[in-house]
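*Asks:* The sequence shown runs 1 to 440 under the UniProt record's numbering.
For glycine and all other residues, C-beta sits at the position ideal for the given N, C-alpha and C.
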Amino acid sequence: MTQHPQDAASLHARHQSVLPSWLSLYYERPLELTHGEGRHVWDAEGNRYLDFFGGILTTMTAHALPEVTKAVSEQAGRIIHTSTLYLSRPMVDLAERIVALSGIPDARVFFTTSGTEANDAALLLATAHRRSNQVLAMRNSYHGRSFSTVGITGNQSWSPTSLSPLQTLYVHGGVRTRGPYAELGDRAYIAACVADLEDMLQQTAGGIAALIAEPVQGVGGFTMPPDGLYAAFREVLARHGILWISDEVQTGWGRTGDHFWGWQAHADNGPPDLLTFAKGIGNGMAIGGVVARAEVMNSLTANSISTFGGSPVTMAAGLANLNYLLEHDLQGNARRVGGLLIERLRAVTAGLDLVREVRGRGLMIGVELVRPGTDERAPEAASLVLEAARERGLLIGKGGQGGASLRIAPPMTLTVAEAEEGATLLADALQAAQGMLAPS
Ligand code: PMP
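#1: Can you give me the start and stop residues for the beta strand (DSSP E) that GLN134 sits inside?
#2: Figure out for me which residue from ALA417, GLN401, VAL290, ALA423 has the closest Cα to the Cα of ILE408.
#3: Between which two residues does the beta strand (DSSP E) containing PHE277 stretch?
#4: Quick one: is ALA95 buried, meaning 16 or more other Cβ sit within 10 Å of its Cβ, or exposed?
#5: Which runs of the beta strand (DSSP E) at least 3 residues long sit entirely within the stretch 85 to 134? Give them in chain order.
#6: Report the rounded CA-to-CA distance for residue 472 versus MET60, giving the unit in angstroms.
#7: Does the beta-carbon distance from ASP247 to ASN155 come in below 8 Å?
#8: Quick one, which of CYS193, GLY338, PRO271, ASN298 has its alpha-carbon nearest GLU420's?
#9: How far does the beta strand (DSSP E) with TYR230 in it extend, from its first residue to its last?
#10: For ILE152 versus VAL291, is the C-beta spacing smaller than 8 Å?
#11: Skipping 5 residues on each side, what residues in its chain have a beta carbon closer than 7 Å to that of ASP196?
#12: Which one or two residues does DSSP pair with HIS40 in a beta bridge?
#13: I need the DSSP call for ALA350, collapsed to helix, strand or coil.
#14: Is there at least one non-hydrogen atom of ligand 1 closer than 7 Å to the beta-carbon of GLN75?
#15: Would you check if the stretch 207 to 224 and the stretch 394 to 410 touch, i.e. whether three or more CB-CB distances between them fall below 8 Å?
#16: Rounded to a whole number of angstroms, what is the C-alpha to C-alpha distance between TYR189 and LEU369?
#17: Among the candidates SER24, THR58, GLN16, GLY362, whose CA atom is the shortest distance from the CA of GLY36?
#18: Could you tell me how far apart the beta carbons of GLN250 and GLY218 are, in whole angstroms, since I believe they sit closer than 8 Å?
#19: Measure the alpha-carbon distance for VAL236 versus GLN264 and round it to whole angstroms.
#20: When the Cα atoms are used, what is the spatial distance from LEU125 to LEU300?
#21: Can you give, in chain order, each stretch of the beta strand (DSSP E) that sits fully within the stretch 289 to 374 and has at least 3 residues?
#22: Rounded to whole angstroms, what is the Cα-Cα separation between ASP329 and GLY207?
What follows is the structure, encoded as structure tokens:
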């Protein structure tokens, strides 16, 4: 049913009067999405959009994927009772699949309902195992919105308090688009970051529990650290007994194309000690989790329970979605169509002064914007491009340092035709935004 713009305005006003101010909304006239199909979504006014953001990667496969819808409704019709106090076949089934895919030996899975809670659980395990509340995190990182995870988020605009139950030390390596390391080649950059890490460990009294890192920083603007960075870190960490937590909330399940997990681009010397996941695996249903070696997972000695983590309906969605993803080789599709999209975006933005860089891996693509004729980040341009893209029927995201990067992460079933259509729409939106920003 098509609604009038006034209805959207009043929904926005109602939203603002009952929800927190810090739940920021995209767009001057925020969007209300009412339905989706494949790689498209529709708003309450009946407009159709090509979705290049997948609801921040929660729609991993496709909107309204029939296989997932069927699995959810069948399970909901059987039983939706949830609690870890009883055996659950869908939970064990999905855990077995994830254990086998994780690459972590003798692994165990704990299911949560979000990425925040997954990282919180990983921190609880790592600090309990190592009996230390000191943690290493990367500059420009994002790991969630809870009290523990804002404490390890190295991105001021998403970290509302300096108070934390953890003592956090920030490490170089996740992003190098600017600053003293920007000019270094990959090997020299890795060596500089390792030296920084070693130096930090020497200066720090007491043991450190873990390093937590995103293989590609998501909220941080789809940054591309050089391959092998975390393998080099891992050697140092292992010498100190420090655990490595790979936050795969955005990079998991083949989205980066070349690899099933983001850590695989970095470590040929073994998997991380812990891995966290969320977002796409439920194709919109609330699934998160942590995978860890049994020795680490079982370091909690008191009893615990999760009421909603691993609920049968979400597990059924996860299983159906995972089966679809593997049967249709969506990792291969992310590699092929993502590679093509990156090339296409580089070609169509080549003449635009607004675009500093198109970077990416598979279907995680960042476009960094600068004020035309300068090298200054241009967050105002990112907002203009988002609006212009929306007007042209394309949804994208933004983020990164200074909020000056566009983020592109379509559902992983994206077709070549859709990739080309999206690249053309985005080039047009960039052109329009550049026109608006041109120096007077
Ligand atoms: N880790 C990463 C890398 C993320 O990108 C996010 C969400 N943007 C989270 C953790 C938190 O996940 P959630 O929003 O499900 O709590």
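*Replies:* Straight from the coordinates:
#1: Run containing GLN134: 134 to 138, per the beta strand (DSSP E) assignment.
#2: Measuring from the Cα of ILE408, the nearest candidate turns out to be ALA423.
#3: In this chain, the beta strand (DSSP E) harbouring PHE277 covers 274 to 277.
#4: The residue is buried, with at least 16 neighbouring Cβ atoms inside 10 Å.
#5: Listed in chain order, they are 107 to 112.
#6: With the chain represented from 1 up to 440, any question about residue 472 goes unanswered, as that position is not in the structure.
#7: Going by C-beta atoms, ASP247 is not nearer than 8 Å to ASN155.
#8: Of the candidates CYS193, GLY338, PRO271, ASN298, the one whose C-alpha sits nearest the C-alpha of GLU420 is GLY338.
#9: Counting along the chain, TYR230 falls outside any beta strand (DSSP E), though it belongs to the alpha helix (DSSP H) covering 229 to 240.
#10: In this structure, VAL291 does not lie closer than 8 Å to ILE152 by Cβ.
#11: Sequence-distant partners of ASP196 (beyond 5 residues in either direction) whose C-beta falls short of 7 Å from its own C-beta, in its chain, are VAL171, HIS172.
#12: HIS40 is bridged to GLU37, LEU50.
#13: ALA350 sits in coil when the DSSP states are folded into three classes, being neither helix nor strand.
#14: For ligand 1, not one heavy atom lies less than 7 Å from the Cβ of GLN75.
#15: Counting C-beta pairs with one atom in each stretch, the stretch 394 to 410 and the stretch 207 to 224 have three or more that are closer than 8 Å, which means they touch.
#16: It is roughly 23 Å from the alpha-carbon of TYR189 to the alpha-carbon of LEU369.
#17: When only C-alpha atoms are compared, the closest one is THR58.
#18: Correct: roughly 4 Å between the Cβ atoms.
#19: Roughly 18 Å separates the two Cα atoms.
#20: Going by the C-alpha atoms only, they are around 7 Å apart.
#21: Taking only runs of at least 3 residues, the beta strand (DSSP E) segments lying wholly in the stretch 289 to 374 are 355 to 361, 364 to 369.
#22: Taking the straight line from one Cα to the other gives about 42 Å.
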